[in-house]
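First up is the structure itself, then whatever we jot down about it.
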DNA sequence: ATAAAGATTTGCAGGGACTGCAATCAAGAT
DNA sequence: ATCTTGATTGCAGTCCCTGCAAATCTTTAT
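Protein chains in written order, with full-length UniProt numbering: chain A, 1 to 219; chain B, 1 to 219.
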């Protein structure tokens, strides 16, 4: 039997040491004013080891925010079938927001970095796109009227019961819009005065999208 | 007097030669299977010259899609003040879509590249974010009830007439959502069967956002 | 026509990101 | 204590990208 307790602990340790150092240094000096060599030195490992943990420098700075793609998919597929779709998505993303706000310190630093460096903002979107894609799949399933299998997996091909004419397009729009709403909320939260909770801002954005933009006139 | 006709023509020539070669090669082989050296060779210039035209390899592949940030801002600030905001944004982005669809060949190649390479998808977002930011500014102006100056420039600080409690947040949401809608439409258009026009898909997305998502129930 | 002025292209040297390989080192099992 | 396994590290090498200065080509002035 393999125990390996100490090994795992040390791995997690150096991983977070690297990530922390990367985020801190980049937040201070800017992305291209920090070298991998410096990050590694701050974490007391060799530069080569850095790349055993992160594929790129960006990855270390940004980590994998919103790796909750599985969680989101779960939440959506498990939700009662008669509940409005947007409510389900809203609830799922609010869950994520709660998770994110629990690490407020790190999140604020990350958003600050995103604001200074456009390439990092792109990274932010990229990190959310995995979740969006997963959500879009789950939504297409749901909107096409196919109940998920007991394990939540999609049914095999050929068993689809066509219902909505174009669920792919609409569900993709839903998913991408939801991701954008979360991003806007995070931006406002991180750059704001700090007296508003992330959840409140998320609710505000999702609420606006729920109502639609047609109602917005200039007075 | 400076004529310089031939010079400019040659510059444009090599620029498009490089961009075309880059897009073609990357679409064929994938982003990291193409070196700057190969692109330069295909355009008959030295590798060093490549970087006189493009700051990064990605730039050559992607060019500056949606450099219409100024055009969008113009359209929005010039629109009659009593027109619904979302209609104005919709019209502005539809204009952009027309422009984009006029270069259908290139756009489809670019979207195909974005689909294979996540980092290029990030690039796509980045290219649109400039326009979104400009739009958000213009919207904040409009929603706060301040008429633009004769040149369309924002009035100096201190002259604001507060009207909407939080125009920054709402206008950012509007702008980012509009950008996302365009992106989804482009994706569907480039990956679809090809019998739908980009404009139609843009209208579909913007229409859905106009109505809002509250109406979407599962039957 | 020819030279001066100005802009573009190119080569060279170098820094930094990232990878594959092989040697070394430390933790866990026997 | 020793063997096995996985993590760390150094090294060589590729590619992206930049600053600098020489070389080349266009335009303009004489």
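Glycine included, C-beta positions come from ideal geometry on N, C-alpha and C.
Q. Secondary structure at residue 213 of chain B, three-state DSSP: helix, strand or coil?
A. coil
(Q) Check whether chain B comes within 8 Å of residue 141 of chain A, counting only Cβ atoms and requiring the distance to be less than that. (A) no
Q. Taking the C-alpha atoms as reference points, what is the distance between residue 190 of chain B and residue 9 of chain A?
A. 47 Å
(Q) Pairs of beta-carbons, one from the stretch 43-61 of chain B and one from the stretch 96-108 of chain B, closer than 8 Å: are there three or more? (A) no
(Q) With a threshold of 8 Å between beta carbons, is residue 62 of chain B in contact with chain A? (A) no
Q: Use the C-beta contact count for residue 58 of chain B: other C-beta atoms within 10 angstroms, 16 or more gives buried, fewer gives exposed.
A: buried
Q. Who are the near neighbours of residue 198 of chain A in its chain, counting only those whose CB is closer than 6 Å to its CB and skipping five residues on each side?
A. 97, 101, 189
Q: Go through the stretch 50-84 of chain B residue by residue and report every complete run of the beta strand (DSSP E) that reaches 3 residues or more, in order.
A: none
Q. Roughly how far, in whole angstroms, is the beta-carbon of residue 30 of chain B from the beta-carbon of residue 106 of chain B, given that I think they are within contact range, below 8 Å?
A. Wrong, their Cβ atoms sit about 18 Å apart, outside the cutoff.
(Q) Tell me which residue opens and which closes the alpha helix (DSSP H) that residue 12 of chain B is part of. (A) 5-29
Q: Please classify residue 44 of chain A: does DSSP put it in a helix, a strand, or coil?
A: coil
(Q) So, under 8 Å CB-CB, residue 133 of chain B and residue 171 of chain B are touching, yes? Tell me the CB distance rounded to an integer number of Å. (A) The Cβ separation is near 11 Å, so there is no contact.
Q) Cα separation between residue 213 of chain A and residue 66 of chain B? A) 23 Å
Q: Compare the C-beta of residue 197 of chain A against all C-beta atoms of chain B and say whether one is closer than 8 Å.
A: no
**Q.** Any chain A beta carbon closer than 8 Å to residue 94 of chain B
**A.** no
Q. Does any C-beta atom of chain A lie closer than 8 Å to the C-beta of residue 180 of chain B?
A. yes
Q.
Is residue 189 of chain B close to chain A? Criterion is C-beta to C-beta, closer than 8 Å.
A. no
(Q) Using a 10 Å radius around the Cβ and a threshold of 16 neighbouring Cβ atoms, would you call residue 6 of chain B buried or exposed? (A) exposed
**Q.** Members of the stretch 122-137 of chain B that neighbour chain A once the beta carbon cut-off is set at 7 Å
**A.** 122, 123, 125, 126, 129
Q) Is the number of C-beta pairs between the stretch 25-44 of chain B and the stretch 67-74 of chain B that are closer than 8 Å three or more? A) no
**Q.** Test item: CB-CB of residue 125 of chain B and residue 200 of chain A under 8 Å
**A.** no
Q: Verify the CB distance criterion: does residue 212 of chain B have a CB-CB separation below 8 Å to chain A?
A: yes
Q | Best match in A:22, A:54, A:51, A:53 for proximity to residue 39 of chain A [C-alpha to C-alpha] | A | A:22
**Q.** Amino acids of chain A, ordered along the chain, whose beta-carbon sits closer than 7 Å to that of residue 205 of chain B
**A.** 173
(Q) Taking a contact to mean a Cβ-Cβ separation below 8 Å, would you say residue 202 of chain B touches residue 94 of chain B in this structure? (A) yes
Q) Under a CB-based cut-off of 8 Å, is residue 31 of chain B close to chain A? A) no
Q) Does DSSP put residue 197 of chain B in a helix, a strand or coil? A) coil
Q: Flag residue 208 of chain A as yes if its beta-carbon sits less than 8 Å from any beta-carbon of chain B, otherwise no.
A: yes
Q: Can you have a look at residue 78 of chain A and say buried or exposed, based on whether 16 or more other CB atoms are within 10 angstroms of its CB?
A: exposed
**Q.** Distance between residue 210 of chain A and residue 28 of chain A (C-alpha atoms, nearest Å)
**A.** 39 Å
Q. Using the beta-carbon count (16 or more within 10 Å), is residue 16 of chain A buried or exposed?
A. exposed
Q: Please classify residue 83 of chain A: is it buried, with 16 or more other beta-carbons within 10 angstroms of its beta-carbon, or exposed?
A: exposed
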